[in-house]
Structure formats: C-alpha cells, structure tokens
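Undergrad:
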Amino acid sequence: MNTIKIHLIRHGATDANYRGEYIGCRTDLPLAPEGLNELRLLKDDIEYPEIERLYSSPMLRAKQTGAVLYPEKQIIPVEELKEYDFGSFEGKTAAELESDPDFLPWTSGKLTAPPGGEENSDFIKRVCIGFNRIAVDMVNGGYKSAAVIMHGGAIMMLLAAAGLPRRSPVEWTSENGRGYSLLVTPSLYFKSGAFEVYGII
C-alpha cells in the first residue's frame, strides 16, 4: 500500500512570540534575529527529514523558516495554511486581555471566535482544505515526502481534526522549529480524512 510522509514544522520564533502576544494572519512578522539563530542551531542539532517537496504558509515567518531549513528547495505557498485570525485580540498578550469581557469566554470555549476574528470551525475547515491540496498535489505528482512549514495553531487544529491517535488541540502543541511526522495512506485519507501521526520532530 503506497504511503506518503508529510512533516509539519512550526515556524521559527518572532519578537511577538517572545513577548507572548497573539499573532495571527493579520500581522506578517519576520523571524526575530534570535529566532533565526535558534533555528540555525536547531538545524545543526537535529536531523530534519529529507524531502522532495516543500510547502509553506504564505506568511513571511513561515517562508523564512523554510528557506533556513531547506535552502535548496523551492517553497510552494499554500494560502489556506495561514495562522488563525485573532480579531481584536491580535498583538495583545493574555495579561493585557484579562480585563476584556470576551477573553475568558473565548479561552474557555464558550465563545467560538474573538471579536472580529475567525470562527474556530472556519479555521479548522480552511486548514484541512489546505492540507488536502497538498495531498492531492503529492499524489498527482508521484511525490513520497514533503515538509510543510506552518503555524502553531494551524498544526494543533489540523492534527486534532484529522490525526490519529485522536487528541485534543492542546495535546498537539509544538515548539518553534519542531513538529510532527505524518504517514498518509491516500486510499484511506481521501475516504476518511484521517492520517497517522507517527513521529515528533
């Protein structure tokens, strides 16, 4: 049975990551100098998987990460893999949002979208559509391995929606420059929408 290996890798750190701010698709930040350095050290320290294709969120921090980890590969942007739209929470820390009456309901799941932001269900659907585009492209091209540079929230939601074993989003967190390896069996994936998570990067 033919299988495809797809490695999801979270982008390197931005200044906003270090400050603990909610940064989604509205703010196209570059990697922080420290984040770039950490990414280069990580590349020297761990063995990133060899790949045939390199896909990425179209956002700058993701594309920069792809260029560092796989400088010889052409980056294929996938629009649907942008990070979540945090609406009015964008650019703020949890401490700054403590007094916002919508923040606690959102973090507890009672509110399904930040004010002016993206519905959780729409985010999950969007990210799954983007991943499906990658799977179709790989099958049509006969490719067997790829890396996908993504955002932390997008990785969490994709794996919670389609990854096996089944886990909640918070159980699929990843550090900057790290991620998960997937085994996709096309005949099963296109029928059930599920894939196996078999390793941690």
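With positions in the sequence shown counted from 1, the corresponding number in our numbering is that position plus 308.
Yeah, the Cβ is synthetic: ideal placement off N, Cα and C, and Gly gets one too.
Going straight from the alpha carbon of F431 to that of N310, what length do you get?
TA: Counted from its first residue, the sequence shown places residue 431 at position 123. Counted from its first residue, the sequence shown places residue 310 at position 2. Roughly 30 angstroms between the two C-alpha positions.
Undergrad: Once the 5 residues before and after K371 are set aside, which same chain residues still bring their CB inside 8 angstroms of it?
TA: As a first step, residue 371 must be located in the sequence shown, where it is residue number 63. Excluding residues within five positions, the ones whose Cβ falls inside 8 angstroms are S364, S365, I383, P385, I457.
Undergrad: Looking at the structure shown, is L419 part of a helix, part of a strand, or coil, going by DSSP?
TA: Position 111 of the sequence shown, counting from 1, holds the residue named residue 419. In this structure, L419 counts as coil in the three-state DSSP scheme.
Undergrad: Apart from the five residues just before and just after G320, which ones in its own chain have a Cβ nearer than 6 angstroms to its Cβ?
TA: Locating residue 320 in the sequence shown gives position 12, counting from the first residue. Result list for G320: L339, G343, L347, T373, N484, G485, in chain order.
Undergrad: Output the distance between the C-alpha atoms of L496 and A421, rounded to the nearest integer angstrom.
TA: As a working note, residue 496 is residue 188 in the sequence shown. As a working note, residue 421 is residue 113 in the sequence shown. For L496 and A421, the distance between alpha carbons rounds to 32 angstroms.
Undergrad: For the pair the segment 391-403 and the segment 423-440, tell me if three or more CB-CB distances fall below 8 angstroms.
TA: Contact holds: three or more Cβ-Cβ distances are below 8 angstroms.
Undergrad: Between the C-alpha atoms of D408 and I331, what's the straight-line distance to the nearest angstrom?
TA: If you number the sequence shown from 1, residue 408 lands on position 100. If you number the sequence shown from 1, residue 331 lands on position 23. Between D408 and I331, the C-alpha separation is close to 17 angstroms.
Undergrad: Rank N448, V505, A454 by C-alpha distance to the C-alpha of P473 and give the top, closest one.
TA: Taking the sequence shown and counting its residues from 1, the one referred to as residue 473 is at position 165. Nearest C-alpha to P473: V505.
Undergrad: Assign L412 to buried or exposed, taking buried as 16 or more other Cβ atoms, counted over all protein chains shown, within 10 Å of its Cβ.
TA: Taking the sequence shown and counting its residues from 1, one reaches residue 412 at position 104. Flag for L412 reads exposed.
Undergrad: Go to K313, then tell me how far its beta strand (DSSP E) extends in each direction, as first and last residue.
TA: Taking the sequence shown and counting its residues from 1, the one referred to as residue 313 is at position 5. K313 -> beta strand (DSSP E) spans 312-318.
Undergrad: Mind checking which residues open and close the alpha helix (DSSP H) that includes I437?
TA: Reading the sequence shown from its first residue, position 129 is the one you call residue 437. 428-449 is the extent of the alpha helix (DSSP H) around I437.
Undergrad: Do you know how far the Cα of Y451 is from the Cα of I312?
TA: Mapped onto the sequence shown, residue 312 falls at position 4. Mapped onto the sequence shown, residue 451 falls at position 143. Cα-Cα distance, rounded: 8 angstroms.
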